[in-house]
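Encoded as structure tokens, the structure appears first; notes follow it.
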């Protein structure tokens, strides 16, 4: 092997190219016959499988029989010691060939008869039978619905033969064979869609499967897992059938209940093991077995979900609503360590989510029914309650309460370094999500009281055992409860009538976090403060203490190097910043009480009766002690700091309006302070950006203080929350004042309007004189750096969205900077996105339209050049941003845009047509997961590229939708009239207005234009633009576009049908279908003439685009 990496990469690239050639068929077959070494055999097997997968139509029909015989011969020659990847590739190749090969009639029996003679080949035969149903549903093969239905018919005729064969093989005492048998059974039940309840052979297959599951200590892992997979497949089928009298489900239910004792025995065996080595061995043995059983219990709960929710019955009753199913779930959650683990517990979360969600829905429906019941029904219900009949949902609540207790036991941190325990952090996030469903069922108050009482017991226990026990020690013991409280806090009433929250915060959390407290505990406390933001706004006295404590947590490590931090301190500081952001965002101006207990309603002239909001009370601390300290916190998590700035922005937005927390107040003082506050909070980022550019500081890593993106994102977080500034300032009047105060309101209305105008004017001055100069320097200084340009464009977008047309005087300079940075910097597509925002905001201004189109003209030339040819596939983000801009131009400046002499409309539309097919030609097109993936393959990159290509196709589709709608509204001649004039050689009439001329240009492209790039004369795409558009659209839908994007494509067809002559549109549609190759070269009929006619009829007769969406969905399945 050559050690040079570059040589290896070149060789790999050459081999990949070789696999695409037609010579690969014969050479790969020869490599397998030669059987020289492992690498050559694997390459041969992989190549022949890949050719069958992706290039089967290259092979002449007369060669199919020879390929089949050759592959079967290769499988017969496999030995027990053959490398598993080679064997798998060959077995998959046979399975793929069976799915493709139309001429292979009765293929399953043929394969079994040819490979069942020898014991070794019989083992690989079971693998082939397993792979066939899986490959039938593979998107890579593109078999189409008709071929799949034909295969399902073959499966239907062969299933008894297969079951008899597998039943015979299941009598083997070899565990390896049993594993393959049950994997094959699971595949047939999961993928064929033809297996029914009476097909299940309880004896010997199902009995043997449960015998395996009842013997975890003596069964190999692979066999145990295979048996459990088949049971899971059976449960899933029972769930799909929803048969209330299913005997199979009853049999499975009772036998699964018997597995509860197996889990308990496994736990006891691990716990009773002597010595750490023996215990570890037992743990490794039983861990995977219990994981399989947990999946079975969870699947049973999902299958029995309807009866469990609608008609739960007492444990042991034997019905489908038997609550022993809940006991199965709880057995998994309550397994003591070391066998009990977060990984095992999380398996039950899906079932618990579903049960809680359905129970909440059932209770809501029952409540709605009870409201509509008459007195007779109500009396019957009351009599049922008096006789002890439990309401269905109420029977589940005790079990979910036990779930909460069990989850709490998994949430404590046994280490002082939460930063290194990613597993715990992920588990807590999952618990938080699950608790939101449980809260809706059990009730936030009930769970909070349960946890609060537990914390109180811990306090009392600590005080009784040690009179010197500190709040910190109690806090450490109750840390898991505090985390669980964070999942409940947001659902609690902010008024806290019984003062449980106040007591918890004042007596435990605040004292516990004061002084030397480990950062992980600080983090949990900060998370609790963050969730209690609305409660804190109603309790200003405690809020002051909370804010001061959070600021101290942030201040303490300022200036400390990252390597000198305590374990978990970075995350604690981040949590404190996030908590401050959440507290700032809740701007609640609450009225005070009068001495006689009445509530004093504030008036515009009586703002002294308001309690100060956090923004007003702690502003200087937020700026001086937090924001100005951020440059000294180089290691702080960026997303937490961004959350802090976003929270301040939301709080500032609330302060300049006329109401907060449901109470009206006078915003004039806040409006007066708003520009200064914005300047102060922005000054840190602006100063740091200036220093970076003044010192020409190199960027040393992502998300570091030398990275301008950090400071740009802080500014963007603020201005993103200011998007409603104009709306908040534009509503000075109110209709909620009392009559006696009406005169005071009238007198102050003009003052309110004046305060809004002054606030806006000062903000605009701040942007022009302070912020914009720094932003323009960033555009110039980092012009060649893609990421900083993306983030500075993002900031400018938010600033423009914030002030809209009030930034009119900056528009020329901004347009000039965009063109200059784009053409000289690096053609970053973010400038196209930014320009589309400018069009959206300024496009309705008549004097701005020509300038905006000029910006497009300057950007479109290099853009279209860069995405020509292969650039279209390689730059999907640029394509998306370009057509987003074009769409906005059509929406706001269509007449100027479409009549510009410097814009080649044909080239633009042809590029858009090609973009519709990006999903079929992009890097991720047609990709599928391989059974033996290359660990170095960039699968994530391919996935993101495929998503980007789909978004680009959608952007092009939206451009066409707006283009056709505009043309239909503005045209003065019908498309047929335009065609007749052009065919006759006459001159088109002069339109009466610019919009009509723009529409005429579009109609000419649709009905008469030819491609701007030369193509094959035999290709249908040589026709007019409308024909190319419809062809590209159908090809995208049938060969790769995600179903979610079908509505855009349907809109194009619908609006074209409305505008174009019916005969012309039908001709386009027929030609587009003919261009799809409905009959493959090997004789496979992908779409029958009847199916084609049905599709065309539905499209032509549709009265709305939703009908075309369904037609496209059905038609595309014929080719996938």
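Residue numbers (full-length UniProt numbering): 1 to 1120. Heads up, the beta-carbon is just placed ideally off N, CA and C, and yes, glycines get one too.
Take residue 305, set aside five residues on each side of it, and the residues of its chain with a beta-carbon closer than 7 Å to its own are 354, 355 and 358, in chain order.
For residue 120 against residue 78, the beta-carbon gap comes to about 7 Å, under 8 Å, which counts as contact. Straight through space, the alpha carbons of residue 500 and residue 507 are spaced by roughly 10 Å. Here residue 1085 is bridged, per DSSP, to 1079. Contact check for residue 345 against residue 332 passes: the beta carbons are separated by less than 8 Å. In the DSSP assignment, residue 161 falls within the alpha helix (DSSP H) that extends over 145 to 169. Per DSSP, the continuous alpha helix (DSSP H) segment holding residue 1049 begins and ends at 1046 to 1059.
DSSP places residue 640 in the helix class (H, G or I) of the three-state scheme. DSSP, reduced to helix, strand and coil, places residue 616 within a helical segment of the structure shown. Separation of the CB atoms of residue 531 and residue 490 is rounded to 5 Å, and the pair is thereby assigned contact status at 8 Å. The region 195 to 204 and the region 255 to 275 do not touch, with fewer than three beta-carbon pairs separated by less than 8 Å.
Per DSSP, residue 399 is one residue of the alpha helix (DSSP H) stretching across 392 to 410. Between the region 1029 to 1047 and the region 1078 to 1085, the count of Cβ pairs shorter than 8 Å is below three; the stretches do not touch. Close CB contacts of residue 137 within its chain, under the 8 Å cut and outside five residues either way in sequence, are with 148 and 191 (chain order).
In this structure, residue 729 sits away from residue 705, with a CB-CB distance that is not shorter than 8 Å. With distances taken between CA atoms, residue 523 lies nearest to 578 out of 533, 578 and 721. Per DSSP, residue 413 lies in no alpha helix (DSSP H) segment and is marked neither H nor E.
Beta bridge pairing from DSSP links residue 313 with 322. Residue 20 sits in coil when the DSSP states are folded into three classes, being neither helix nor strand. Taking 8 Å as the upper bound for CB-CB distance, residue 655 and residue 667 are in contact here, some 7 Å apart. In the DSSP assignment, residue 288 falls within the alpha helix (DSSP H) that extends over 276 to 303. For residue 42, the enclosing alpha helix (DSSP H) stretches over residues 38 to 54.
Burial is judged here by how many other beta carbons sit within 10 angstroms of a residue's own beta carbon; residue 240 has fewer than 16 and is exposed. Following the DSSP letters along the chain, one finds residue 847 inside the alpha helix (DSSP H) bounded by residues 846 to 866. In the structure shown, residue 66 adopts helical secondary structure according to DSSP, grouped into three states.
In the three-state reduction of the DSSP assignment, residue 223 falls in the helix class, which pools H, G and I. The residue among 41, 5, 54 and 34 with its C-alpha nearest the C-alpha of residue 21 is 54. Burial is judged here by how many other beta carbons sit within 10 angstroms of a residue's own beta carbon; residue 640 has at least 16 and is buried.
Linking residue 998 to residue 1072 through their CA atoms gives a straight-line distance of about 27 Å. Taking residue 57 as reference, the option from 1111, 1085, 214 and 1103 with the minimal CA-CA separation is 1085. With a 10 Å radius around the Cβ and a threshold of 16 neighbouring Cβ atoms, residue 792 comes out buried. For the set 859, 795 and 439, the Cα lying nearest the Cα of residue 816 is the one of 859. Buried is the label assigned to residue 127, since at least 16 other Cβ atoms lie within 10 Å of its Cβ.
Residue environment for residue 1005: buried (at least 16 other C-beta atoms within 10 angstroms of its C-beta).
Under the 10 Å beta carbon count, residue 840 is surrounded by 16 or more other beta carbons and is classified as buried. Around the beta-carbon of residue 880, 16 or more other beta-carbon atoms lie within 10 Å, marking it buried.
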